[in-house]
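Asker: Chains X and F, in that order, give the protein sequences. Its first residue numbered 1101, the first sequence is counted upward by one per residue in our numbering. Its first residue numbered 2, the second sequence is counted upward by one per residue in our numbering. Below is one structure. I have some questions about it.
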Amino acid sequence: MSQHRPLLKRLLIISSLMFGFAFALVPLYDVFCQVTGLNGKPSMQQAKTSESINIMQQVDVDFITHAQAGAPFKVIAKNQRMTVNTGEMNKVTFKASNLSDKDLVMQAVPSVSPGLSAQYLHKVECFCFQQQPIKAGESVDMTLLFYVDEELPTEIEEMTLSYALFDISDKL
Amino acid sequence: MNDSIQQIDESSEHHQPSGITRWLYTTNHKDIGTLYLGFSLLMLFVGGAMAMIIRAELFQPGLQLIEPNFFNQMTTVHGLIMVFGAVMPAFVGLANWMIPLMIGAPDMALPRMNNWSFWILPFAFAILLASLFMEGGGPNFGWTFYAPLSTTYSNDNTALFVFSVHIMGISSIMGAINVIVTIFNLRAPGMTLMKMPMFVWTWLITAFLLIAVMPVLAGTVTMVLTDKYFGTSFFNAMGGGDPVMFQHIFWFFGHPEVYIMILPAFGIISTIIPTFSRKKLFGYHSMVYATSSIAFLSFIVWAHHMFTTGMPLAAELFFMYSTMLISVPTGVKVFNWVATMWRGSISFEVPMLFAIAFIVLFTIGGFSGLMLAITPADFQYHDTYFVVAHFHYVLVTGALFSIIAAVYFWLPKWTGHMFNIKLAKIHFWLSLISVNVLFFPMHFVGLAGMPRRIPDYALQFADFNMIISLGGFAFGLSQLLFVWCVVQCFRGGDKVPAKVWDGAEGLEWEVASPAPYHTFSTPPVIK
């Protein structure tokens, strides 16, 4: 037995490390996606304002929302489609309604398609940065302030910003 | 010195506990190997019965026999049982029986842990199977338990599924550690690594794969558990998690897992083919390197299971090419087996029949795998019966056929009797024909667009599904012949000499048949 102990110990350590590695994959995955922008997750950090405008490059931006798992919210952008110049600051107002008869808290999670364009969409202000309490049956206006990076590859002419809406009242 | 060891051995043999306690307390590698093999045979029939229920429901279009929810439980538990209950324990059982005999060791290095790693298994499967009979039912989200199916939408018994997978994982990790320590520390003097039999080599590499990825599986199910019951959000976008990440973590385990289920099979075939071709294995060194490179590549191909999740082009290309790269070392193996048979004095004993069937049919499974690796084509094949056909060719006619071949090959060594050759040959031919009637038409219904994991299907698939079901029933029934052959062989039969097969090589053929309870108490001399 004693002759086996060193090897046994090493193998047990490898197994434990690999168990930890499964959990380490979670932050690694997020970092990897942020660095490469592969999965369409835009940054949740507040961006600085843009300083210049490229009048030569235009891109169409669509805004869609969808409520997840029967969350009783309806969110519609006043302009559902915009044509913007890269570098130009844009403001979009979303009208959010609570369709239920209870006071609820909403969380919107953004995602951008095509995935590679996510890293070029900078949000200076977004209702998705905070949880949004909405009273029963009421509607509120929410603001998104964004610009598209001038570095955006020219082959991307169209992008869609999609918000998944969750009811997080129970989780608070 | 030698005499005293001999005496200890004999006396301990006389003081063996009898009855059930012999099996409960045993630390003997042969007993534990037998337990593992017996357990996996039982699980083969439990999982097989579920497959019969699935095929009975799919015999005709429309819902005939069972509810869709129960159908989903059947496909899920069939997969889990066959992977973790039938194929893996069978290979561990063969490792327990044969590795000490092949490397001239008296037993496994850690016999008490060996006992434990077997005896927790029945509890794991009891928990899993019991959940089928509870309110809410068993797991119904597929053996891959994708989130959010296994988190948001699963029933309350998911915790039982998670714990049973935990126990299976612990058992596999302990088994793998035991194999590695045995191979590294207990080889007979003179048996260098490059003199080890191929079966030992493939198992060594498999064991490393096991300790690398089974903990990742344990981590994945733990995340599912906390997501479902404790409010974490690993896979829940609402809390900042990501359901696609589930698939990445799962397949990081899942792809090496499929090689865990086939590498020992390669070892078995590399043992049987030279024996009945009466030649040395062609390209032993290239076999070792091919096995190692398959194991290495298995870690960098996982996302080929996820082409349709919306990956960027660069990633799709990377995973497509790395997947296709695996066919190179696999091809080396297939060509080496064929080259071993080339100009050999081949005889067609039962293990050889299964081994040759393995080479042909596993290669078919490999080819359909290559088709699935082509990203643009995979969008068509994804989640269809083509995939079902592919993985059943590599797992049934691959892994399972190799296990059956191994059992027929070493059964005379274990029991001291020759099995009923005529019956075994009937078993082979029935299995060979029915397995192809069962799985080959699945390619066509898959290409025509029939999705997997559904209890009902469009009318145009009716005829083919009836043929598939008939093949399935025939294949299931044929395996009863296998059980009869094995049972008969344990009870009696023609006595066999120590070297059962005249072309066989290796230390296991130097001990008497049946193999004595204790072997190689003094290490053999390796030339």
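Quick reminder that beta carbons are idealized off the backbone N, C-alpha and C, glycines included.
Please confirm whether Tyr-230(F) and Ala-160(F) have their CB atoms less than 8 Å apart.
Answerer: The count along the second sequence starts at 1 and reaches residue 230(F) at position 229. The count along the second sequence starts at 1 and reaches residue 160(F) at position 159. Closer than 8 Å, so yes.
Asker: Does any residue of chain X bring its CB to less than 8 Å from the CB of Phe-164(F)?
Answerer: Mapped onto the second sequence, residue 164(F) falls at position 163. Output row for Phe-164(F): interface = no.
Asker: From the DSSP output, in three-state form, read off Ile-6(F) for me.
Answerer: In the second sequence, residue 6(F) corresponds to position 5, counting from 1. Bear in mind that a pLDDT of 45 at Ile-6(F), under 50, signals an unreliable position, so the model cannot answer this.
Asker: Is any beta-carbon of chain F found at less than 8 Å from that of Ala-1169(X)?
Answerer: Here residue 1169(X) is taken as the residue at index 69 of the first sequence, counted from 1. Yes, contact with chain F.
Asker: In whole angstroms, what separates the C-alpha of Tyr-38(F) from that of Leu-95(F)?
Answerer: Within the second sequence, numbered from 1, the residue matching residue 38(F) stands at position 37. Within the second sequence, numbered from 1, the residue matching residue 95(F) stands at position 94. Note on identity: in this sequence residue 38(F) is Leu, with Tyr being the wrong assignment. Their backbone Cα atoms lie some 7 Å apart in a straight line.
Asker: Do you know how far the Cα of Ile-360(F) is from the Cα of Val-335(F)?
Answerer: Numbered from 1 along the second sequence, position 334 holds the residue referred to as residue 335(F). Numbered from 1 along the second sequence, position 359 holds the residue referred to as residue 360(F). Distance between the alpha carbons of Val-335(F) and Ile-360(F): 7 Å.
Asker: Just by C-beta distance, which residues in the stretch 125–139 of chain F are closer than 9 Å to chain X?
Answerer: Correct list: empty, as no residue qualifies.
Asker: Pairing CB atoms from the stretch 318–332 of chain F with CB atoms from the stretch 369–379 of chain F, are three or more of them under 8 Å?
Answerer: Cβ pair count under 8 Å is three or more, so yes.
Asker: Of all Cβ atoms in chain F, is any one closer than 8 Å to the Cβ of Gln-1145(X)?
Answerer: Position 45 of the first sequence, counted from the start, is the residue given in the question as residue 1145(X). Gln-1145(X) does not count as touching chain F.
Asker: Locate the beta strand (DSSP E) running through Leu-1221(X), then write down its first and last residues.
Answerer: Against the first sequence, residue 1221(X) aligns to sequence position 121. Taken as a continuous stretch (DSSP letters only), the beta strand (DSSP E) holding Leu-1221(X) covers 1221–1226.
Asker: Applying a beta-carbon distance threshold of less than 7 Å, which residues of chain F neighbour Ala-1264(X)?
Answerer: Here residue 1264(X) refers to the residue found at position 164 when the first sequence is read from its first residue. Ordered by position in chain F, the residues that pass the 7 Å Cβ test against Ala-1264(X) are Ala-238.
Asker: To the nearest angstrom, how far is the alpha carbon of Ser-1217(X) from that of Ile-434(F)?
Answerer: On the first sequence, residue 1217(X) is found 117 positions in, with the first residue counted as 1. On the second sequence, residue 434(F) is found 433 positions in, with the first residue counted as 1. Each residue's alpha carbon lies about 53 Å from the other.
Asker: In chain F, what lies closer than 9 Å to Phe-1229(X) by C-beta?
Answerer: Start at 1 with the first residue of the first sequence, and residue 1229(X) comes out as number 129. Result: empty, since nearest Cβ-Cβ is about 12 Å, beyond 9 Å.
Asker: Tell me which residue opens and which closes the alpha helix (DSSP H) that Gln-489(F) is part of.
Answerer: Here the question's residue 489(F) lines up with position 488 in the second sequence. Segment 463–492, the alpha helix (DSSP H) holding Gln-489(F).
Asker: Hey, is Pro-216(F)'s beta-carbon within less than 8 Å of any beta-carbon in chain X?
Answerer: Here residue 216(F) refers to the residue found at position 215 of the second sequence. It does: the Cβ of Pro-216(F) has a partner Cβ on chain X nearer than 8 Å.
Asker: Hey, would you say Val-1212(X) sits closer than 8 Å to Phe-1246(X), going by beta carbons?
Answerer: What you label residue 1212(X) is simply residue 112 of the first sequence in a count that begins at 1. What you label residue 1246(X) is simply residue 146 of the first sequence in a count that begins at 1. Against a cut-off of 8 Å, the Cβ pair of Phe-1246(X) and Val-1212(X) comes out as no contact.
Asker: Taking a contact to mean a Cβ-Cβ separation below 8 Å, would you say Leu-122(F) touches Pro-90(F) in this structure?
Answerer: Numbered from its first residue, the second sequence carries residue 122(F) at position 121. Numbered from its first residue, the second sequence carries residue 90(F) at position 89. Yes; because the gap between Cβ atoms is below 8 Å, this pair is in contact.
Asker: I need the boundaries of the beta strand (DSSP E) containing Asn-156(F), first residue and last residue.
Answerer: Within the second sequence, the letter at position 155 stands for residue 156(F). From DSSP, Asn-156(F) is part of no beta strand (DSSP E); its letter is neither H nor E.
Asker: Alpha carbon to alpha carbon, how far is Met-443(F) from Cys-1228(X)?
Answerer: For the purposes of this step, residue 443(F) is taken as residue 442 along the second sequence, with counting starting at 1. For the purposes of this step, residue 1228(X) is taken as residue 128 along the first sequence, with counting starting at 1. Rounded to the nearest angstrom, the two C-alpha atoms are 47 Å apart.
Asker: In three-state DSSP terms, what is Glu-11(F)?
Answerer: Counting from 1 along the second sequence, the entry for residue 11(F) is found at position 10. Its pLDDT being 46, under 50, Glu-11(F) is placed unreliably in this model, and the value from its coordinates should be taken loosely. Helix.
Asker: By Cβ distance, which residues of its chain are closer than 6 Å to Ser-165(F), with the 5 residues on each side in sequence left out?
Answerer: Position 164 of the second sequence holds residue 165(F). Cβ neighbours of Ser-165(F) beyond the five flanking positions: Ala-125, Ile-128 and Leu-129.
Asker: Between Val-436(F) and Leu-396(F), what straight-line distance do the alpha-carbon atoms span, to the nearest angstrom?
Answerer: Within the second sequence, residue 436(F) is the residue found at index 435, counting from 1. Within the second sequence, residue 396(F) is the residue found at index 395, counting from 1. Those two C-alpha atoms are separated by around 12 Å.
Asker: Flag this pair as yes or no: are the beta carbons of Val-88(F) and Ala-390(F) separated by less than 8 Å?
Answerer: Here residue 88(F) is taken as the residue at index 87 of the second sequence, counted from 1. Here residue 390(F) is taken as the residue at index 389 of the second sequence, counted from 1. Taking 8 Å as the Cβ cut-off, Val-88(F) and Ala-390(F) do not qualify as a contacting pair.
Asker: Are Asn-186(F) and His-1104(X) closer than 8 Å when you measure CB to CB?
Answerer: For this step, residue 186(F) is matched to residue 185 along the second sequence. For this step, residue 1104(X) is matched to residue 4 along the first sequence. Yes; because the gap between Cβ atoms is below 8 Å, this pair is in contact.
Asker: Return the CA-CA distance between Phe-491(F) and Leu-36(F), expressed in angstroms with no decimal places.
Answerer: Translated into positions along the second sequence, residue 491(F) becomes position 490. Translated into positions along the second sequence, residue 36(F) becomes position 35. Near 14 Å, if we compare the C-alpha coordinates of Leu-36(F) and Phe-491(F).
Asker: Rounded to whole angstroms, what is the Cα-Cα separation between Ala-1236(X) and Ser-1200(X)?
Answerer: Here residue 1236(X) is taken as the residue at index 136 of the first sequence, counted from 1. Here residue 1200(X) is taken as the residue at index 100 of the first sequence, counted from 1. Approximately 6 Å between the Cα atoms of the pair.
Asker: Residues of chain X with CB closer than 7 Å to the CB of Phe-185(F), please, in chain order.
Answerer: Translated into positions along the second sequence, residue 185(F) becomes position 184. Under the 7 Å cutoff, chain X gives Leu-1107.
Asker: Please report the distance separating the alpha-carbon of Lys-1141(X) from that of Pro-1210(X).
Answerer: As a position in the first sequence, residue 1141(X) is number 41, starting the count at 1. As a position in the first sequence, residue 1210(X) is number 110, starting the count at 1. Roughly 7 Å separates the two Cα atoms.
Asker: From the DSSP output, in three-state form, read off Arg-23(F) for me.
Answerer: Here residue 23(F) corresponds to residue number 22 of the second sequence, with the count starting at 1. The answer is helix: DSSP assigns Arg-23(F) an H, G or I state.
Asker: What span of residues does the beta strand (DSSP E) with Ala-291(F) cover, start to end?
Answerer: The residue labelled residue 291(F) in the question sits at position 290 within the second sequence. Note, Ala-291(F): premise wrong, no beta strand (DSSP E); alpha helix (DSSP H) at 285–298.
Asker: In the stretch 114–180 of chain F, which residue ranges form an unbroken alpha helix (DSSP H) of at least 4 residues, counting only runs that do not cross its ends?
Answerer: Listed in chain order, the complete alpha helix (DSSP H) runs (minimum 4 residues) inside the stretch 114–180 of chain F are 122–132.
Asker: Taking C-alpha atoms, which residue in Leu-1244(X), Gln-1207(X) and Ala-1124(X) lies nearest to His-1166(X)?
Answerer: Stepping through the first sequence from its first residue, residue 1166(X) is reached at position 66. It is Gln-1207(X).
Asker: At the 8 Å Cβ level, is Asn-1115(X) part of the contact set with chain F, yes or no?
Answerer: Taking the first sequence and counting its residues from 1, the one referred to as residue 1115(X) is at position 15. Note that residue 1115(X) corresponds to Ser in the displayed sequence, not to Asn. Chain F contact via Cβ: present.
Asker: Is the stretch 306–314 of chain F in contact with the stretch 260–273 of chain F, if contact means three or more CB pairs nearer than 8 Å?
Answerer: Cβ pair count under 8 Å is below three, so no.
Asker: Would you say Ile-206(F) reaches chain X, if we count a Cβ-Cβ gap shorter than 8 Å as a contact?
Answerer: As a position in the second sequence, residue 206(F) is number 205, starting the count at 1. No - not a single Cβ of chain X is within 8 Å of the one on Ile-206(F).
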